[in-house]
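The opening residue of the sequence shown carries number 161 in our numbering; numbering runs sequentially from there.
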Amino acid sequence: MTIRDADHSARRRFLALAAGAAVAPGLLATVARAADLPHLEETDSAAKALGYHLDNRKVPADKYPQHRPGQECGKCNLYKGVAGAQWGPCLIFPGKAVHVDGWCTAFTPKT
Ligand code: SF4
161 MTIRDADHSA
171 RRRFLALAAG
181 AAVAPGLLAT
191 VARAADLPHL
201 EETDSAAKAL
211 GYHLDNRKVP
221 ADKYPQHRPG
231 QECGKCNLYK
241 GVAGAQWGPC
251 LIFPGKAVHV
261 DGWCTAFTPK
271 T
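Here is the structure:
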């Protein structure tokens with residue numbers, strides 16, 4: 161390795177560290193904001209419109225025949241909660257947190 165190669169390698173390591181330091185506070189802030197979101201209530205008008213239920217096991221089959229056992233917010237592509245959290249943001253209900261066991265008619269399976 162030449163001195164010039166060593167300089168490039170050190171510069172790349174420095175830039176990678178600097179990029180990580182810049183991103184980490186943003187990620188922490190996002191996680192903290194998600195934890196602070198108010199919980200979506202089933203009585204919320206938007207929640208009612210999409211048949212949101214806090215517990216997918218209590219979705220009435222006669223009213224929502226499209227619901228299948230095992231469909232829940234935690235397995236929905238629109239759910240953005242962190243692993244292990246009980247509540248998390250959902251792209252359909254901005255500014256609110258949905259329960260990981262919840263469900264609504266916009267359910268989209270994770271791919
Ligand atoms: S869109 Fe997905 S994550 Fe959001 S409430 Fe409906 S099922 Fe849950």
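For each residue, glycine too, the CB sits at the ideal point set by N, CA and C.
Beta-carbon proximity of residue i to residue j, cut-off 8 Å
{"i": "asparagine 216", "j": "glycine 244", "result": "no"}
{"i": "alanine 209", "j": "phenylalanine 253", "result": "no"}
{"i": "valine 260", "j": "glycine 241", "result": "yes"}
Residue from the options whose Cα sits closest to the Cα of residue i
{"i": "alanine 195", "options": "His227, Ser205, His213 and Trp247", "result": "Trp247"}
{"i": "threonine 265", "options": "Tyr212, Pro229, Val258 and Gly241", "result": "Tyr212"}
{"i": "lysine 235", "options": "Pro249, Ala221, Phe267 and Asp204", "result": "Phe267"}
Length of the line joining the Cα atoms of residue i and residue j
{"i": "threonine 272", "j": "leucine 214", "result": "The requested residue 272 does not occur in the structure, where the chain is confined to residues 161 to 271."}
{"i": "leucine 251", "j": "leucine 238", "result": "5 Å"}
{"i": "lysine 223", "j": "lysine 256", "result": "24 Å"}
{"i": "proline 249", "j": "aspartate 204", "result": "15 Å"}
{"i": "alanine 184", "j": "histidine 199", "result": "For alanine 184, the predicted model reports a pLDDT of 47, less than 50, meaning its position is unreliable; a value from the coordinates is still stated below. Approximately 26 Å, taken between the alpha carbons."}
{"i": "arginine 228", "j": "proline 269", "result": "11 Å"}
{"i": "alanine 181", "j": "glutamate 232", "result": "Since pLDDT at alanine 181 reaches only 43, below the 50 mark, its modelled position is unreliable, and the value read off the structure follows with that caveat. C-alpha separation (whole angstroms): 35 Å."}
Assigned exposure category for residue i - 16 Cβ within 10 Å defines buried
{"i": "glutamate 201", "result": "exposed"}
Residue i: CB within 7 Å of a non-hydrogen atom of ligand 3
{"i": "tryptophan 263", "result": "The ligand content of the structure shown is limited to ligand 1, which means ligand 3 is not among them."}
* To do: Ignoring anything shorter than 3 residues or poking outside the region 206–263, list the beta strand (DSSP E) runs there in chain order.
  => If we require 3 residues or more, the beta strand (DSSP E) runs fully inside the region 206–263 come out as 247–249 and 257–259.
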